[in-house]
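Structure first, then comments.
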Amino acid sequence: MKKGFLALIVFCAIFIVGFVNNIQYKLNEKGCAGSSCHIFKPGFFSIEKEPNLKIKVKPHFTAKQATISAEMIDKQGRIVDFQDATRHKDIILHAPKPGEYKVLVGYKVDEPFWDSLRVNIVSSLINLPTNRFGSFTFKFFPIHPRPSKKSSLIRFILPKAGQVKIFLFDARGKKVKTIYSGVLGIGLHDIYWKTTDHFRRPLKTGKYLCELACDSGKLVQPVYIER
C-alpha cells in the first residue's frame, strides 16, 4: 500500500514538473521571457543612401543613447557588411554592388531590441564627375570599395566598341587573375567580380594592380584587398 502511494506521489511530481517546464518553454519560445533574446521594436531607425554604395543607419528617440550594432544582408541571405556594437550616432554600411538589401539593427536601452529595414541601392549612387563625357573618353575609375574584401566593382568608359581585357597583377607584377575578356560596346560599363585568384582562392591582404586593356590603350588602377 505504502509502495503504491509513494509511486503515485513520484508520478504526480514528475507530471507537474514536466507541465511547468513545458509552459516555461512555450513562454520563452514565444516572447523570449527571461532570456537574452532581442524584442522586435520598429520605428527607431531610418536609412539614408550615401554616394558610392554606402548607407547611413540613423537612430532616433531613445535609440540615440543606446549601444548599436548592424548588419547588411543580401537577397541570398549572406552578410555583406556589419558594424560591431558602437555608440556612434550614425552607422555606415557598404554594399558590394547595386541591389536590394536588408539591414538588421540591434540596440539596447533598458532591454535588448531589434529592427529590420530594407533598402534598394542603385548604381547611380556611385560618384561620377558632373561633366558630360565626350564620345572619345577613355577612363578607368578608382576601384570600389577601397579596401575591397569579398568582392569589388570596376567601372570604366570606352570610347568605342571592341575587345576588352581586364587583368589583376600582384605587387611583384605576376598576373593572378583575368577578371574579364570579351567584346564591349561604347560607353560606361560596370563589372562586379569576386576577390579570388585563377583557382578561386581568396586573394591575400595587400595591394594589387588592375589593368584595363583595349584598342584605345591601357589604364591601371590600384586594388587594395583586406581580409
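Per my numbering, residue 1 is the first one in the sequence shown, and the count goes up by one each step.
Ideal Cβ positions, reconstructed from N, Cα and C, are used throughout, including at glycine.
Reference residue i; option with closest CA among the options
i           : options               : result
residue 50  : 121, 68 and 188       : 121
residue 270 : 188, 220, 169 and 190 : Nothing about residue 270 can be reported from this structure: the residues present for the chain run from 1 to 227 only.
residue 52  : 106, 194 and 148      : 148
residue 211 : 57, 196 and 142       : 142
residue 59  : 159, 215 and 90       : 90
residue 190 : 216, 158, 154 and 159 : 154
residue 144 : 159, 193 and 206      : 193
residue 114 : 225, 40 and 213       : 40
residue 203 : 213, 226, 216 and 215 : 226
residue 214 : 112, 159 and 63       : 159
residue 111 : 216, 62, 47 and 146   : 62
Rounded distance between the beta-carbons of residue j and residue i, thought under 8 Å
i           : j           : result
residue 222 : residue 150 : No, residue 222 and residue 150 are not in contact; Cβ-Cβ is about 18 Å, not under 8 Å.
residue 166 : residue 179 : 4 Å
residue 66  : residue 103 : Not a contact, Cβ separation roughly 16 Å.
residue 188 : residue 161 : Between residue 161 and residue 188 the Cβ distance is about 13 Å, and since that is not below 8 Å, they are no contact.
residue 79  : residue 105 : Actually they do not touch by this definition, with Cβ atoms about 13 Å apart.
residue 195 : residue 152 : 6 Å
Within 8 Å, strictly: CB atoms of residue i and residue j
i           : j           : result
residue 175 : residue 156 : no
residue 54  : residue 117 : no
residue 84  : residue 72  : no
residue 45  : residue 57  : yes
residue 107 : residue 119 : no
residue 171 : residue 207 : yes
residue 64  : residue 99  : no
Minimum Cβ-Cβ distance from residue i to chain C less than 8 Å
i           : result
residue 139 : Note that chain C does not occur in the displayed structure, where there is just one protein chain.
Of all the beta strand (DSSP E) runs that stay within the bounds of the region 178–210, which reach a length of 3 or more residues?
-> Taking only runs of at least 3 residues, the beta strand (DSSP E) segments lying wholly in the region 178–210 are 187–194.
Please specify which runs of the alpha helix (DSSP H), each continuous and at least 4 residues long, are wholly inside the region 83–117, giving them in chain order.
-> None, since the region 83–117 contains no complete alpha helix (DSSP H) of that length.
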